[in-house]
Every structure is written in structure tokens, then in C-alpha cells.
Amino acid sequence: MWIVLAAVAIAVAVAISAVRLLNYDPTPPLRPAEFYAAQERWKANSLPAYDIEVEVTGSQPAIYRVEVRDGTARAAFRNGRPLQQQRTFGTWSVPGMFSTMSRDVENVERHARGQAAANTPRLTLRAAFDPHFGYPAAYRRIEWGSDVEVAWRVVKFEPR
33 MWIVLAAVAI AVAVAISAVR LLNYDPTPPL RPAEFYAAQE RWKANSLPAY DIEVEVTGSQ
93 PAIYRVEVRD GTARAAFRNG RPLQQQRTFG TWSVPGMFST MSRDVENVER HARGQAAANT
153 PRLTLRAAFD PHFGYPAAYR RIEWGSDVEV AWRVVKFEPR
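Under the working numbering, the sequence shown has 43 at position 11, and the numbering climbs by one with no breaks.
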């Protein structure tokens, strides 16, 4: 009997460890101060011309590629197909990614101050930034109490 209970306990421990290992996310938690520091680093080191490729996971997975020239997103592609609306070109440029993240960071700060509206989502944010340029190299947004989760990672960043 004791052997059976010990075997079950070991099996449960192994199963829990396997689930944790499979769901492990090495992306560190995002603190607002780190976000603002990375944003300032990008402003100080930003490039007027670069190509960036971003892999997005979540409800609408895709690979986006954006060509930035003279500080403006000139062309953008989703899964290799050109985006048609020029207003969407900048979404996956570095300033566009910072803009998206900024709204989420502001929501986290509102909750921390106790000033969030009832419909302001509670979020867990994780991010990693390029140490030199400061662009968001990886980002994960998890909305509490729902299955809404979006993540992206920069798979290619090429200065031009």
C-alpha cells in the first residue's frame, strides 16, 4: 500500500514538473520603470531605417515584416502579403509596438494607484528589450480572468 501511494506521489510530482517546464516563459515581468527606460533608450538610439520581422502568437497569429525608411513605415507585410492600408504600416514598427505596450502599462499603473475604471482590464505583462537599441524584443500580454493572451517576439531586426 505504501509503495503504491509513494508511486502515485512521485507520478504527480513528475506531472506537475512537466507541465511547469512545458509552460515556462523566460520573458521577465515588465515593470513600468523598465518600459520607460527602454523607450528612452530607443529614442536615444533609434534608427531612421531598419527592417523588422515580428512573430505574433495568440488569437490572430502571424508574421509581420515592416520596412522603415526616414523614420516612417514605408511598407508592411502580414505572412508575406502586403498590407493594403497605409495607416496600419506602423503598427509593427518599433514606435508602434511601444504605443501598444504603453496603453497596457498605463492600465497596470492605474490599477496600482487604485484609479482604474471597472472595465479596465487587469493585466500581467512580460517583456524583454534589446540591450543596445531598446526595442521590444519580446512581449507577452495576459488578461486576467479570460483566455485573451497575445505575445510577440522580434525574429529579425536589420539596420539599413
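All residues carry an ideal CB built from backbone N, CA and C; glycine is no exception.
With which residues is residue i paired in a DSSP beta bridge?
i	result
W184	V88, Y171
Y82	V100, P191
P61	R158
A47	The partner list for A47 (beta bridge, DSSP) is empty, contrary to what the question assumes.
A94	V88
When you compare the CB positions of residue i and residue j, do they come within less than 8 Å of one another, or not?
i	j	result
A183	Y167	no
E85	R97	yes
R173	E87	no
V137	P64	yes
Y82	F161	no
V40	W74	no
R154	W124	no
Considering just the uninterrupted stretch of the beta strand (DSSP E) at residue i, what are its terminal residues?
i	result
A149	Counting along the chain, A149 falls outside any beta strand (DSSP E), and DSSP gives it neither H nor E.
F161	155–161
Out of the options, which one is the CA nearest neighbour of residue i?
i	options	result
L62	R158, A43, W34, V36	R158
F165	G112, N77, R113	N77
T132	A47, Q117, F67	F67
T59	A169, S178, Q71, P191	A169
R192	A38, A108, G103	G103
Let's see if you can read the secondary structure: which residues bound the alpha helix (DSSP H) around residue i?
i	result
F67	64–77
Say yes only if the C-beta of residue i is nearer than 7 Å to one or more non-hydrogen atoms of the ligand GTP, and no if none qualify.
i	result
A65	With respect to the ligand GTP, the structure shown offers nothing to examine, as it has no ligands at all.
(message) Which complete beta strand (DSSP E) runs does the region 100–141 hold, if anything under 3 residues is left out?
(response) Here the runs fully enclosed are 104–110.
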